[in-house]
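Asker: Can you keep this structure in mind? I'll have questions shortly.
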Amino acid sequence: MAAIAAPPPQPHPPASAHHHHHHRRRARLPRLAAASSSSSSSRFRRRFSSSSSSSSPSSAPSPSPSSSSSSSSSYGGSGGGGGGEIHYASPPPPPPAAPTGAPVYVTLPADAVGPGGGVARRRAMAASLAALAGAGVAGVAVELWWGVVERQGPGVYDWAGYLELAAMARRYGLRVRAILAFHQCGAGPHDPPWIPLPQWVLEEMDKLPDLSYMDRYQRRNKEYISLGCDILPILKGRSPMQAYSDFMRSFRDAFKEYLGAIVTEVQIGMGPGGELRYPSCPTETLSQAGISSELGEFQCYDKFMQASLSARAQLIGMQDWGNGGPAGTDGSRQNPEETSFFRADGGCWNTPYGRFFLEWYSGMLLLHGERLCMVADAVFSGSGVTIAGKVSGIHWHYYTCSHPSELTAGYYNTLLRNGYLPITQMFARYKAALCCSCFDLRDEERNNSKSSPEGTLRQLMVAAKMCNLPLNGENSVTRLDDTSLNQVIRSSRLYSGGTSGTSFSFNYVRMNKSLFEFHNWNRFTKFVRQMSDARTFLARLEFRRGQHYLSSMSVVWVVSRACA
Numbered sequence: 001m002a003a004i005a006a007p008p009p010q011p012h013p014p015a016s017a018h019h020h021h022h023h024r025r026r027a028r029l030p031r032l033a034a035a036s037s038s039s040s041s042s043r044f045r046r047r048f049s050s051s052s053s054s055s056s057p058s059s060a061p062s063p064s065p066s067s068s069s070s071s072s073s074s075y076g077g078s079g080g081g082g083g084g085e086i087h088y089a090s091p092p093p094p095p096p097a098a099p100t101g102a103p104v105y106v107t108l109p110a111d112a113v114g115p116g117g118g119v120a121r122r123r124a125m126a127a128s129l130a131a132l133a134g135a136g137v138a139g140v141a142v143e144l145w146w147g148v149v150e151r152q153g154p155g156v157y158d159w160a161g162y163l164e165l166a167a168m169a170r171r172y173g174l175r176v177r178a179i180l181a182f183h184q185c186g187a188g189p190h191d192p193p194w195i196p197l198p199q200w201v202l203e204e205m206d207k208l209p210d211l212s213y214m215d216r217y218q219r220r221n222k223e224y225i226s227l228g229c230d231i232l233p234i235l236k237g238r239s240p241m242q243a244y245s246d247f248m249r250s251f252r253d254a255f256k257e258y259l260g261a262i263v264t265e266v267q268i269g270m271g272p273g274g275e276l277r278y279p280s281c282p283t284e285t286l287s288q289a290g291i292s293s294e295l296g297e298f299q300c301y302d303k304f305m306q307a308s309l310s311a312r313a314q315l316i317g318m319q320d321w322g323n324g325g326p327a328g329t330d331g332s333r334q335n336p337e338e339t340s341f342f343r344a345d346g347g348c349w350n351t352p353y354g355r356f357f358l359e360w361y362s363g364m365l366l367l368h369g370e371r372l373c374m375v376a377d378a379v380f381s382g383s384g385v386t387i388a389g390k391v392s393g394i395h396w397h398y399y400t401c402s403h404p405s406e407l408t409a410g411y412y413n414t415l416l417r418n419g420y421l422p423i424t425q426m427f428a429r430y431k432a433a434l435c436c437s438c439f440d441l442r443d444e445e446r447n448n449s450k451s452s453p454e455g456t457l458r459q460l461m462v463a464a465k466m467c468n469l470p471l472n473g474e475n476s477v478t479r480l481d482d483t484s485l486n487q488v489i490r491s492s493r494l495y496s497g498g499t500s501g502t503s504f505s506f507n508y509v510r511m512n513k514s515l516f517e518f519h520n521w522n523r524f525t526k527f528v529r530q531m532s533d534a535r536t537f538l539a540r541l542e543f544r545r546g547q548h549y550l551s552s553m554s555v556v557w558v559v560s561r562a563c564a
């Protein structure tokens with residue numbers, strides 16, 4: 001039995017004063033939660049007022065259910081507010097469970113910082129961040145492009161534009177997720193925004209074409225440096241891993257005052273599109289969710305990848321297996337049954353050679369991810385930030401035996417093997433968060449009966465939960481219709497509603513002018529409230545009460561004027 005001496009009772013204010021106090025608290029919130037309805041705001045205010053009272057330092061826990069139903073009964077030691085001692089017949093009740101809501105982040109436009117290193121459209125950006133803060137958004141995600149920061153030459157870093165963005169986010173009480181983007185953005189100058197790799201890297205690729213990935217048709221892909229040369233000094237005396245490491249260290253030093261408080265997470269780019277995968281299909285094809293159904297091509301034909309494959313084959317005494325990649329793949333086809341490698345009955349993927357090749361191919365990708373996680377863990381250790389990596393949601397052959405589009409991307413995931421668990425186990429070793437998409441996609445929207453975005457997402461979630469990873473969800477398509485937003489909410493609750501202690505947040509990809517159109521903005525602010533726990537949502541608004549926030553109509557007007 002525990003005895004806790006309560007502090008001397010505080011005199012109760014007269015009933016009129018008590019009523020006036022609560023009236024003043026309630027009067028403040030409608031100005032903060034501008035986009036919420038009056039009825040839902042009242043309900044949220046009651047919950048927020050009650051949770052604030054119960055968490056007061058002068059409150060004492062009470063085992064009686066009735067005593068928790070009113071804020072006045074949580075003060076002092078009895079329902080009447082008297083002092084004295086509180087006696088527990090059993091151990092004190094545990095603290096309340098962590099809120100089950102999911103904070104929402106918004107990914108900024110890819111060209112938020114332009115090719116010259118300055119913030120693009122400053123007035124529009126400031127108005128947009130103010131609006132997002134007023135909507136209860138937790139923070140923003142921003143890509144920090146290698147081709148922008150280190151554009152002037154090896155080891156010459158220009159963070160000015162991104163530091164200005166971080167300062168703007170701090171001004172509006174927003175957190176920042178920094179995405180260190182070592183890949184290109186866009187398909188070419190004709191596809192804005194176009195942000196290639198640094199020019200000095202492209203020059204090295206021109207001198208030595210095998211720095212880029214190549215498929216069996218000798219088509220090269222320059223979205224990302226081939227992982228086959230990760231540790232070779234091919235970038236003016238540095239290896240790609242050394243270049244990535246130097247970039248991370250420079251970022252850490254430049255953003256030192258923001259790390260842990262404003263910049264709370266650093267996502268490491270690990271491949272094309274920032275994802276841990278091979279460029280088996282062009283990124284612009286993958287971004288067309290529900291449309292692509294290509295099998296993809298194995299990216300193992302540059303000389304560095306071929307040297308690794310040959311060495312592995314010799315190691316097991318099967319030298320012939322190291323001569324090129326598998327035959328009979330024909331990634332231009334959409335039906336795996338038309339290929340000798342991927343077909344269900346007698347396909348080469350399930351032979352000793354097929355298993356050897358796929359273990360090597362996926363193992364090289366896993367090794368690349370591990371190297372990056374190891375570097376990031378060493379650079380950001382003790383800085384207060386979480387590191388993260390992203391896995392692609394490749395779902396259009398999920399209901400086949402061989403899962404060909406996943407195999408060519410580097411995920412050895414088939415009917416007989418879980419290809420995502422080794423990835424989540426690797427992330428867990430470095431306490432990294434996992435980011436994945438497909439949260440807005442439904443199986444019934446598919447145009448291919450073998451596709452299953454929901455099945456792919458469930459498998460990724462199970463693997464992440466088995467390793468107790470924090471999970472960051474994303475939408476695959478930028479849209480704000482009720483169907484897709486409701487699907488995000490349903491998908492999110494599969495991960496965030498349990499009691500395993502895993503955390504979940506959501507990145508909305510991405511902010512554009514249409515987000516602030518009247519009907520879209522109303523849908524979005526409602527979505528943020530639905531994703532967030534009521535107490536967390538209102539506490540966030542209360543924290544920002546000193547700022548000037550905008551109604552839905554004002555948001556549309558201000559941002560449209562700023563963008564003009």
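Heads up: the sequence shown is residues 1 to 564, going by UniProt numbering.
Glycine is no exception: its CB is placed at the ideal position from the N, C-alpha and C atoms.
Check the C-beta distance from T502 over to N472 and give it rounded, since I have them as a contact under 8 angstroms.
Answerer: Going by Cβ atoms, the distance from T502 to N472 rounds to 12 angstroms, so no, they are not a contact pair.
Asker: When burial is assigned at 16 or more other CB atoms within 10 Å of the CB, is E338 buried or exposed?
Answerer: So E338 counts as exposed.
Asker: By the three-class DSSP mapping on this structure, what secondary structure does N507 have?
Answerer: Note: N507 maps to strand in three-state DSSP.
Asker: For R252, which of W321, E265, M241 has the nearest alpha-carbon?
Answerer: Taking only the C-alpha atoms, the option nearest R252 is E265.
Asker: Q152 to S476, Cα distance in whole Å?
Answerer: Cα-Cα distance, rounded: 33 angstroms.
Asker: Rounding to the nearest angstrom, what Cα-Cα distance links P272 and E284 in this structure?
Answerer: So the alpha carbons of these two residues sit roughly 10 angstroms apart.
Asker: Tell whether a beta-carbon distance below 8 angstroms holds between G328 and C300.
Answerer: No, the pair does not count as a contact, with Cβ atoms beyond the cut-off.
Asker: Check this for me: beta carbons of L407 and W349, under 8 angstroms apart or not?
Answerer: Taking 8 angstroms as the Cβ cut-off, L407 and W349 qualify as a contacting pair.
Asker: I'd like the list of long-range same chain contacts for G155, defined as Cβ closer than 7 angstroms, with 5 residues on each side in sequence excluded.
Answerer: Within the same chain, G155 has close Cβ partners D246.
Asker: In the structure shown, what three-state DSSP assignment does N520 receive?
Answerer: Three-state DSSP puts N520 in a helix.
Asker: Under a Cβ-count criterion, where at least 16 other Cβ atoms within 10 Å of its own Cβ denotes burial, should Y420 be classed as buried or exposed?
Answerer: Answer is buried; the Cβ neighbour count reaches 16.
Asker: Entirely within the segment 245-324 and at least 3 residues each: give me those beta strand (DSSP E) ranges in chain order.
Answerer: Listed in chain order, the complete beta strand (DSSP E) runs (minimum 3 residues) inside the segment 245-324 are 263-268.
Asker: Are three or more beta carbon pairs between the segment 374-389 and the segment 303-320 nearer than 8 angstroms?
Answerer: Verdict: no, contact absent.
Asker: Bridge partners for V176 per DSSP, in chain order?
Answerer: For V176, which the question treats as bridged, DSSP gives the partners V140, V263.
Asker: Contact between the segment 101-110 and the segment 505-513 is defined here as three or more beta-carbon pairs at a separation below 8 angstroms; is this criterion met?
Answerer: Short answer: they touch.
Asker: Suppose the cutoff is 6 angstroms on Cβ atoms and the five residues either side in sequence are ignored; what does the same chain contact list for I394 look like?
Answerer: Within the same chain, I394 has close Cβ partners S405, E406, A409.
Asker: Is the segment 227-235 close to the segment 345-361, with three or more CB pairs under 8 angstroms?
Answerer: No, the segment 227-235 does not touch the segment 345-361.
Asker: Is it right to say G84 is buried, meaning 16 or more other beta carbons lie within 10 angstroms of its own, or is it exposed?
Answerer: Residue placement at G84 cannot be trusted, given a pLDDT of 37 that sits under 50; the coordinates are not used to answer.
Asker: Check whether the segment 379-390 and the segment 438-445 touch, using three or more Cβ-Cβ pairs below 8 angstroms as the test.
Answerer: Output reads no: the segment 438-445 does not touch the segment 379-390.
Asker: Counting along the chain, where does the beta strand (DSSP E) carrying N475 start and finish?
Answerer: Segment: none, N475 is in no beta strand (DSSP E) and carries neither H nor E.
Asker: Give a yes or no on whether the C-beta atoms belonging to C281 and G296 are separated by under 8 angstroms.
Answerer: A contact, by the Cβ cut-off of 8 angstroms.
Asker: Count the other CB atoms within 10 Å of the CB of T456; is the residue buried (16 or more) or exposed (fewer)?
Answerer: Classification of T456: buried, given that the 10 Å Cβ count is 16 or more.
Asker: To which residues does DSSP link M466 through a beta bridge?
Answerer: Partner(s): none; M466 has no beta bridge.
Asker: Please name the residue or residues paired with M214 in a DSSP beta bridge.
Answerer: DSSP lists R220 as partners of M214.
Asker: Skipping 5 residues on each side, what residues in its chain have a beta carbon closer than 8 angstroms to that of A160?
Answerer: Correct list, in chain order: G117, G118.
Asker: Which residue wins for smallest C-alpha separation from A488, given the options E454, F518, A463, V462?
Answerer: In the sequence as displayed, the identity of residue 488 is Val instead of Ala. For V488, the nearest C-alpha among the options comes from E454.
Asker: Excluding five sequence neighbours on each side, which residues of the same chain lie with their C-beta closer than 7 angstroms to the C-beta of D481?
Answerer: So the list is empty, once near-sequence residues are dropped.
Asker: Check W145 in the structure and name its three-state DSSP category.
Answerer: Looking at W145 - three-state DSSP - the assignment turns out to be strand.
Asker: For the beta strand (DSSP E) that C436 lies in, which residues bound it at each end?
Answerer: Here the beta strand (DSSP E) through C436 covers 433-436.
Asker: With a threshold of 16 other CB atoms inside 10 Å of the CB of S449, please say whether the residue is buried or exposed.
Answerer: The residue is exposed, with fewer than 16 neighbouring Cβ atoms inside 10 Å.
Asker: So which of Q319, V149, D191, P115 has the shortest CA-CA distance to A243?
Answerer: Here the closest residue by C-alpha is V149.
Asker: Relative to the C-alpha of M168, which residue among A112, Y157, S484 is closest?
Answerer: Ranking A112, Y157, S484 by Cα distance to M168 puts A112 first.
Asker: I'd like the ranges of any beta strand (DSSP E) spanning at least 3 consecutive residues and lying wholly in the segment 360-410.
Answerer: Runs of the beta strand (DSSP E) inside the segment 360-410: 386-391.
Asker: Report the rounded CA-to-CA distance for S452 versus P240, giving the unit in angstroms.
Answerer: Cα to Cα, the separation comes out at about 35 angstroms.
Asker: Between P192 and the rest of its own chain, which residues show a CB-CB distance below 8 angstroms, the 5 nearest in sequence each way excluded?
Answerer: D111, G186.
Asker: Assuming A102 contacts S492 (C-beta within less than 8 angstroms), just tell me the rounded distance between them.
Answerer: So it is a contact: roughly 5 angstroms between Cβ atoms.
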